[in-house]
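Reviewing the structure listed below.
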Amino acid sequence: MVSFFASMYEKFDPSQANKLAGLIQQAYDQFDERETKTWRLSEPYELLGSLGTENVPFGFVVSETDSNDVVVIFRGTKSFIEWFQDVNIQLVSYRDSTGKDIIQGVQQKSSSEIIPTINDFGYVTAGFRGIYISLREQMLEVLKKCPADCKIFVTGHSLGGALATLAIPDILNNTDFKDPQKVELYTFASPRCGDKTFATSFQETGVNHWRIANTEDFVTMLPFPTGNIFEIKSTAEKEREKWEKPVDGGGMTGENKNPNPIFGFFNDMFERVGEIFHGQKRRMPDYAHTGTPVYFTFHDSALERHHNLDNVYMTGIGQKPLIIKQAVNEVIDGN
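In terms of our numbering, the sequence shown opens at residue 3 and continues consecutively.
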(Lines of atoms letter the chains of each structure in order from A and count residues from 1; the text may use other names and numbers.)
(Lines give C-alpha, C1' and ligand atoms only; values in the text may rest on other atoms or scores of the structure.)
Protein backbone atom coordinates (compact mmCIF):
# COMPACT_ATOMS: atom_id res chain seq x y z
CA MET A 1 0.00 0.00 0.00
CA VAL A 2 1.38 3.43 -0.96
CA SER A 3 0.33 6.55 0.91
CA PHE A 4 0.98 10.06 -0.40
CA PHE A 5 2.35 12.78 1.88
CA ALA A 6 4.21 15.94 0.93
CA SER A 7 7.05 14.90 3.23
CA MET A 8 7.67 11.86 1.03
CA TYR A 9 9.04 14.09 -1.72
CA GLU A 10 11.33 16.35 0.31
CA LYS A 11 14.40 14.45 -0.91
CA PHE A 12 13.30 14.24 -4.54
CA ASP A 13 15.59 16.36 -6.72
CA PRO A 14 14.09 17.27 -10.12
CA SER A 15 17.40 18.65 -11.36
CA GLN A 16 19.12 15.36 -10.52
CA ALA A 17 16.32 13.49 -12.30
CA ASN A 18 16.89 15.62 -15.40
CA LYS A 19 20.62 14.94 -15.36
CA LEU A 20 20.06 11.21 -15.04
CA ALA A 21 17.49 11.20 -17.85
CA GLY A 22 20.06 12.94 -20.02
CA LEU A 23 22.59 10.19 -19.28
CA ILE A 24 20.05 7.52 -20.20
CA GLN A 25 19.51 9.31 -23.51
CA GLN A 26 23.27 9.10 -24.05
CA ALA A 27 23.05 5.35 -23.46
CA TYR A 28 20.47 5.15 -26.26
CA ASP A 29 22.84 7.20 -28.45
CA GLN A 30 25.66 4.79 -27.59
CA PHE A 31 23.56 1.92 -28.93
CA ASP A 32 22.44 3.80 -32.05
CA GLU A 33 26.02 4.78 -32.93
CA ARG A 34 27.62 1.42 -32.15
CA GLU A 35 28.36 0.61 -35.81
CA THR A 36 29.75 4.02 -36.78
CA LYS A 37 31.69 4.17 -33.48
CA THR A 38 31.04 7.91 -33.31
CA TRP A 39 29.57 7.98 -29.81
CA ARG A 40 31.33 10.14 -27.23
CA LEU A 41 30.28 10.78 -23.65
CA SER A 42 29.51 14.44 -23.03
CA GLU A 43 30.96 16.55 -20.24
CA PRO A 44 31.09 16.77 -17.25
CA TYR A 45 31.28 12.98 -17.08
CA GLU A 46 34.14 10.49 -17.27
CA LEU A 47 33.46 6.98 -18.58
CA LEU A 48 34.50 4.35 -16.03
CA GLY A 49 33.22 1.30 -17.90
CA SER A 50 30.64 0.06 -20.39
CA LEU A 51 27.91 -2.52 -19.81
CA GLY A 52 27.16 -5.14 -22.44
CA THR A 53 29.25 -5.83 -25.51
CA GLU A 54 30.65 -3.65 -28.28
CA ASN A 55 27.90 -4.84 -30.61
CA VAL A 56 25.11 -4.62 -28.01
CA PRO A 57 25.92 -1.92 -25.45
CA PHE A 58 23.41 -1.70 -22.60
CA GLY A 59 24.71 1.32 -20.74
CA PHE A 60 27.73 2.42 -18.77
CA VAL A 61 29.14 3.62 -15.45
CA VAL A 62 30.38 7.20 -15.20
CA SER A 63 31.76 9.61 -12.63
CA GLU A 64 30.79 13.26 -12.53
CA THR A 65 33.96 15.33 -12.68
CA ASP A 66 32.64 18.25 -10.61
CA SER A 67 31.21 16.10 -7.79
CA ASN A 68 31.85 12.86 -5.96
CA ASP A 69 29.00 11.03 -7.71
CA VAL A 70 29.15 7.78 -9.66
CA VAL A 71 26.22 6.87 -11.92
CA VAL A 72 25.20 3.44 -13.25
CA ILE A 73 23.03 3.80 -16.37
CA PHE A 74 20.87 1.17 -18.09
CA ARG A 75 19.09 1.87 -21.37
CA GLY A 76 15.75 0.40 -22.41
CA THR A 77 14.69 -2.01 -25.15
CA LYS A 78 16.12 -1.39 -28.64
CA SER A 79 15.92 -4.77 -30.40
CA PHE A 80 13.41 -7.56 -31.02
CA ILE A 81 15.45 -10.09 -29.00
CA GLU A 82 15.51 -7.75 -26.00
CA TRP A 83 11.76 -7.20 -26.34
CA PHE A 84 11.20 -10.96 -26.47
CA GLN A 85 13.19 -11.38 -23.25
CA ASP A 86 11.24 -8.54 -21.65
CA VAL A 87 7.96 -10.37 -22.08
CA ASN A 88 9.23 -13.45 -20.21
CA ILE A 89 7.48 -12.53 -16.97
CA GLN A 90 7.81 -15.96 -15.36
CA LEU A 91 8.76 -15.32 -11.73
CA VAL A 92 12.08 -16.76 -10.58
CA SER A 93 14.11 -16.40 -7.41
CA TYR A 94 16.12 -13.15 -7.33
CA ARG A 95 19.05 -14.99 -5.77
CA ASP A 96 19.00 -18.26 -7.70
CA SER A 97 16.68 -19.16 -10.55
CA THR A 98 17.50 -22.87 -10.68
CA GLY A 99 14.57 -25.19 -11.42
CA LYS A 100 13.38 -25.98 -7.90
CA ASP A 101 13.04 -22.28 -7.02
CA ILE A 102 10.97 -21.27 -10.03
CA ILE A 103 7.35 -20.37 -9.41
CA GLN A 104 4.91 -22.59 -11.35
CA GLY A 105 7.76 -25.09 -11.84
CA VAL A 106 8.90 -23.92 -15.28
CA GLN A 107 12.58 -24.58 -15.90
CA GLN A 108 14.54 -21.39 -16.63
CA LYS A 109 18.11 -22.10 -17.68
CA SER A 110 19.26 -18.80 -19.14
CA SER A 111 19.70 -16.92 -15.84
CA SER A 112 20.63 -19.59 -13.31
CA GLU A 113 23.69 -17.80 -11.93
CA ILE A 114 23.53 -17.23 -8.18
CA ILE A 115 23.66 -13.68 -6.80
CA PRO A 116 25.74 -14.31 -3.65
CA THR A 117 25.19 -13.09 -0.06
CA ILE A 118 21.45 -12.61 -0.65
CA ASN A 119 18.76 -14.86 0.79
CA ASP A 120 14.96 -14.84 0.52
CA PHE A 121 14.72 -11.52 -1.31
CA GLY A 122 11.67 -12.55 -3.31
CA TYR A 123 10.96 -13.38 -6.93
CA VAL A 124 11.59 -11.35 -10.09
CA THR A 125 10.73 -11.76 -13.76
CA ALA A 126 12.97 -14.24 -15.59
CA GLY A 127 13.47 -12.01 -18.63
CA PHE A 128 14.72 -9.01 -16.65
CA ARG A 129 16.87 -11.17 -14.40
CA GLY A 130 18.45 -12.94 -17.38
CA ILE A 131 19.56 -9.65 -18.93
CA TYR A 132 20.75 -8.27 -15.58
CA ILE A 133 22.83 -11.39 -14.90
CA SER A 134 24.65 -10.85 -18.20
CA LEU A 135 25.65 -7.31 -17.11
CA ARG A 136 26.22 -7.51 -13.34
CA GLU A 137 29.87 -8.63 -13.31
CA GLN A 138 30.90 -5.68 -15.49
CA MET A 139 29.03 -3.29 -13.21
CA LEU A 140 30.45 -4.76 -10.00
CA GLU A 141 34.03 -4.71 -11.32
CA VAL A 142 33.76 -0.99 -12.03
CA LEU A 143 32.12 -0.16 -8.70
CA LYS A 144 34.77 -2.08 -6.76
CA LYS A 145 37.34 0.41 -8.10
CA CYS A 146 35.38 3.50 -7.06
CA PRO A 147 36.33 5.50 -3.93
CA ALA A 148 34.45 4.39 -0.85
CA ASP A 149 33.25 7.93 -0.08
CA CYS A 150 31.42 8.53 -3.37
CA LYS A 151 27.65 8.46 -3.78
CA ILE A 152 26.11 5.95 -6.19
CA PHE A 153 23.16 6.81 -8.41
CA VAL A 154 21.53 4.03 -10.42
CA THR A 155 19.10 4.86 -13.20
CA GLY A 156 17.31 3.45 -16.24
CA HIS A 157 14.37 3.91 -18.60
CA SER A 158 11.77 1.22 -19.40
CA LEU A 159 13.59 -2.15 -19.37
CA GLY A 160 16.56 -0.21 -18.00
CA GLY A 161 14.46 0.87 -15.03
CA ALA A 162 13.80 -2.77 -14.18
CA LEU A 163 17.52 -3.61 -14.54
CA ALA A 164 18.44 -0.66 -12.33
CA THR A 165 16.01 -1.89 -9.67
CA LEU A 166 17.51 -5.38 -9.75
CA ALA A 167 20.98 -3.88 -9.35
CA ILE A 168 20.30 -2.23 -5.99
CA PRO A 169 20.28 -5.31 -3.68
CA ASP A 170 23.34 -6.62 -5.52
CA ILE A 171 25.25 -3.37 -5.01
CA LEU A 172 24.35 -3.20 -1.31
CA ASN A 173 25.42 -6.79 -0.68
CA ASN A 174 28.33 -7.33 -3.06
CA THR A 175 30.24 -4.02 -3.13
CA ASP A 176 31.66 -1.69 -0.48
CA PHE A 177 28.65 0.61 -0.88
CA LYS A 178 26.52 -0.90 1.88
CA ASP A 179 25.14 2.34 3.30
CA PRO A 180 21.65 2.82 1.79
CA GLN A 181 22.00 6.58 2.27
CA LYS A 182 24.90 6.57 -0.21
CA VAL A 183 22.93 4.74 -2.91
CA GLU A 184 19.94 6.25 -4.74
CA LEU A 185 17.69 4.95 -7.52
CA TYR A 186 15.82 6.97 -10.16
CA THR A 187 13.77 4.98 -12.67
CA PHE A 188 11.77 6.26 -15.64
CA ALA A 189 8.82 4.37 -17.15
CA SER A 190 9.78 1.18 -15.36
CA PRO A 191 7.55 -1.90 -15.52
CA ARG A 192 6.99 -4.05 -12.45
CA CYS A 193 9.98 -6.36 -12.08
CA GLY A 194 9.16 -8.56 -9.08
CA ASP A 195 6.57 -9.91 -6.68
CA LYS A 196 5.26 -8.45 -3.42
CA THR A 197 8.02 -10.12 -1.40
CA PHE A 198 10.66 -8.51 -3.61
CA ALA A 199 8.97 -5.11 -3.28
CA THR A 200 8.83 -5.45 0.51
CA SER A 201 12.45 -6.61 0.72
CA PHE A 202 13.49 -3.71 -1.49
CA GLN A 203 11.70 -1.20 0.74
CA GLU A 204 13.46 -2.63 3.78
CA THR A 205 16.87 -1.82 2.27
CA GLY A 206 16.22 1.86 3.01
CA VAL A 207 17.37 3.02 -0.44
CA ASN A 208 15.50 6.01 -1.86
CA HIS A 209 13.83 4.92 -5.09
CA TRP A 210 12.05 7.55 -7.15
CA ARG A 211 9.80 5.80 -9.68
CA ILE A 212 9.01 8.46 -12.28
CA ALA A 213 6.09 7.63 -14.56
CA ASN A 214 3.66 9.15 -17.02
CA THR A 215 0.18 8.16 -15.82
CA GLU A 216 -0.76 7.36 -19.43
CA ASP A 217 2.28 5.14 -20.10
CA PHE A 218 1.07 1.57 -20.63
CA VAL A 219 4.52 0.05 -20.01
CA THR A 220 4.45 1.17 -16.38
CA MET A 221 1.28 -0.89 -15.88
CA LEU A 222 2.99 -4.15 -16.87
CA PRO A 223 3.06 -6.92 -15.85
CA PHE A 224 -0.44 -6.56 -14.40
CA PRO A 225 -0.50 -6.73 -10.57
CA THR A 226 -2.11 -10.16 -10.81
CA GLY A 227 -3.49 -12.51 -13.43
CA ASN A 228 -6.46 -13.32 -11.20
CA ILE A 229 -9.70 -11.67 -12.24
CA PHE A 230 -11.48 -13.26 -9.28
CA GLU A 231 -10.42 -14.56 -5.90
CA ILE A 232 -9.84 -18.30 -5.91
CA LYS A 233 -11.99 -19.89 -3.21
CA SER A 234 -12.43 -23.36 -1.83
CA THR A 235 -15.49 -25.46 -2.74
CA ALA A 236 -16.87 -25.02 0.79
CA GLU A 237 -16.55 -21.23 0.59
CA LYS A 238 -18.31 -21.11 -2.77
CA GLU A 239 -21.18 -23.32 -1.58
CA ARG A 240 -21.65 -21.22 1.54
CA GLU A 241 -21.71 -17.96 -0.42
CA LYS A 242 -24.04 -19.43 -3.02
CA TRP A 243 -26.85 -19.76 -0.47
CA GLU A 244 -26.16 -16.69 1.61
CA LYS A 245 -28.75 -13.96 1.46
CA PRO A 246 -27.34 -10.78 -0.10
CA VAL A 247 -26.93 -7.90 2.32
CA ASP A 248 -29.58 -5.14 2.44
CA GLY A 249 -32.12 -7.03 0.39
CA GLY A 250 -29.98 -7.20 -2.72
CA GLY A 251 -31.84 -10.17 -4.16
CA MET A 252 -33.28 -13.58 -3.45
CA THR A 253 -31.44 -16.41 -1.71
CA GLY A 254 -29.01 -18.12 -4.06
CA GLU A 255 -28.92 -15.23 -6.53
CA ASN A 256 -25.56 -14.16 -7.98
CA LYS A 257 -24.46 -11.30 -5.72
CA ASN A 258 -22.30 -9.61 -8.35
CA PRO A 259 -24.60 -7.15 -10.17
CA ASN A 260 -22.01 -6.33 -12.85
CA PRO A 261 -22.94 -8.38 -15.96
CA ILE A 262 -19.43 -8.12 -17.43
CA PHE A 263 -17.74 -9.55 -14.34
CA GLY A 264 -20.58 -12.03 -14.03
CA PHE A 265 -19.82 -13.34 -17.52
CA PHE A 266 -16.09 -13.72 -16.83
CA ASN A 267 -16.80 -15.30 -13.46
CA ASP A 268 -18.99 -17.96 -15.11
CA MET A 269 -16.29 -18.56 -17.73
CA PHE A 270 -13.67 -18.81 -14.99
CA GLU A 271 -15.75 -21.41 -13.14
CA ARG A 272 -16.34 -23.48 -16.29
CA VAL A 273 -12.63 -23.54 -17.11
CA GLY A 274 -12.04 -24.86 -13.62
CA GLU A 275 -14.58 -27.63 -14.20
CA ILE A 276 -12.94 -28.62 -17.49
CA PHE A 277 -9.59 -29.00 -15.75
CA HIS A 278 -11.11 -30.87 -12.81
CA GLY A 279 -11.15 -27.91 -10.47
CA GLN A 280 -7.40 -27.30 -10.77
CA LYS A 281 -7.57 -23.53 -11.04
CA ARG A 282 -4.26 -22.00 -10.04
CA ARG A 283 -3.63 -18.69 -8.38
CA MET A 284 -1.67 -16.49 -10.76
CA PRO A 285 1.51 -14.78 -9.52
CA ASP A 286 1.44 -11.25 -8.12
CA TYR A 287 3.67 -8.41 -9.33
CA ALA A 288 4.36 -5.21 -7.38
CA HIS A 289 6.02 -1.86 -7.99
CA THR A 290 8.87 -0.63 -5.83
CA GLY A 291 9.73 2.89 -4.79
CA THR A 292 7.98 6.21 -4.30
CA PRO A 293 5.85 7.16 -7.32
CA VAL A 294 6.51 10.51 -8.99
CA TYR A 295 3.77 10.99 -11.57
CA PHE A 296 3.00 13.44 -14.34
CA THR A 297 0.42 13.23 -17.13
CA PHE A 298 1.00 13.45 -20.86
CA HIS A 299 -1.64 12.14 -23.25
CA ASP A 300 -1.35 11.67 -27.00
CA SER A 301 -3.02 9.65 -29.74
CA ALA A 302 -0.29 6.97 -29.87
CA LEU A 303 0.72 4.74 -26.97
CA GLU A 304 4.40 4.82 -27.95
CA ARG A 305 4.41 8.59 -27.50
CA HIS A 306 3.43 8.18 -23.86
CA HIS A 307 6.64 6.20 -23.26
CA ASN A 308 9.13 8.49 -25.00
CA LEU A 309 12.12 9.49 -22.86
CA ASP A 310 13.44 12.67 -24.46
CA ASN A 311 10.21 14.36 -25.57
CA VAL A 312 7.89 13.30 -22.74
CA TYR A 313 9.75 12.19 -19.61
CA MET A 314 12.49 14.81 -19.80
CA THR A 315 9.81 17.50 -20.15
CA GLY A 316 7.42 16.06 -17.57
CA ILE A 317 9.91 15.67 -14.74
CA GLY A 318 10.79 18.76 -12.81
CA GLN A 319 7.50 20.46 -13.59
CA LYS A 320 5.58 21.75 -10.60
CA PRO A 321 2.11 20.20 -10.30
CA LEU A 322 0.39 23.48 -11.21
CA ILE A 323 2.23 23.80 -14.52
CA ILE A 324 2.11 20.19 -15.72
CA LYS A 325 -0.48 21.23 -18.32
CA GLN A 326 1.97 23.84 -19.62
CA ALA A 327 4.66 21.16 -19.95
CA VAL A 328 2.32 18.92 -21.92
CA ASN A 329 1.38 21.77 -24.25
CA GLU A 330 5.06 22.49 -24.87
CA VAL A 331 5.61 18.87 -25.93
CA ILE A 332 2.57 18.89 -28.23
CA ASP A 333 3.56 22.21 -29.82
CA GLY A 334 7.15 21.05 -30.27
CA ASN A 335 8.62 23.90 -28.20
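Ideal placement from N, C-alpha and C gives every residue a C-beta, glycine not left out.
Asked	Found
Would you please state the rounded distance, in angstroms, between the beta carbons of residue 77 and residue 26? I believe it to be under 8 Å.	6 Å
Once you ignore the five residues that flank residue 121 on each side, which residues in its own chain have a CB closer than 8 Å to its CB?	97
With 16 other CB atoms within 10 Å as the buried threshold, where does residue 145 fall?	buried
Using the three-state DSSP reduction, which class does residue 70 fall into: helix, strand or coil?	coil
What do you get for residue 159, buried or exposed, if any count of 16 or more other CB atoms within 10 angstroms of its CB means buried?	buried
Looking only at C-alpha atoms, which of 127, 207, 74 sits nearest to residue 90?	127
State the DSSP-derived secondary structure class of residue 53, mapped to helix, strand or coil.	strand
For a test of the three-state rule: what should DSSP assign to residue 75, helix, strand or coil?	strand
Determine the contact status of residue 208 and residue 182, defining contact as a CB-CB distance below 7 Å.	yes
Between the C-alpha atoms of residue 220 and residue 205, what's the straight-line distance to the nearest angstrom?	24 Å
Closest to residue 311 by C-alpha separation, out of 31, 11, 15, would be which residue?	31
Does the distance from the C-beta atom of residue 65 to that of residue 45 stay below 7 Å?	no
Using the three-state DSSP reduction, which class does residue 189 fall into: helix, strand or coil?	strand
Near residue 23, what residues of its chain come up, given a Cβ to Cβ distance below 7 Å and the 5 sequence neighbours on each side ignored?	190, 311, 315, 316, 319
Quick check on DSSP: helix, strand or coil for residue 304?	coil
Between the beta-carbon of residue 164 and the beta-carbon of residue 130, is there less than 7 Å?	yes
Count the other CB atoms, across all protein chains shown, that sit within 10 Å of the CB of residue 186; report buried if there are 16 or more and exposed otherwise.	buried
Taking 7 Å as the threshold (C-beta atoms), are residue 211 and residue 157 in contact?	no
Per the DSSP calculation, residue 153 is bridged to which residue(s)?	71
With 16 other CB atoms within 10 Å as the buried threshold, where does residue 67 fall?	exposed
Have a look at residue 34 and residue 193 and give me their C-alpha separation to the nearest angstrom.	23 Å
What separation, rounded to the nearest whole angstrom, lies between the Cα atoms of residue 14 and residue 213?	10 Å
Of all the options 94, 151, 161, 296, which has the alpha carbon lying nearest to the alpha carbon of residue 200?	94
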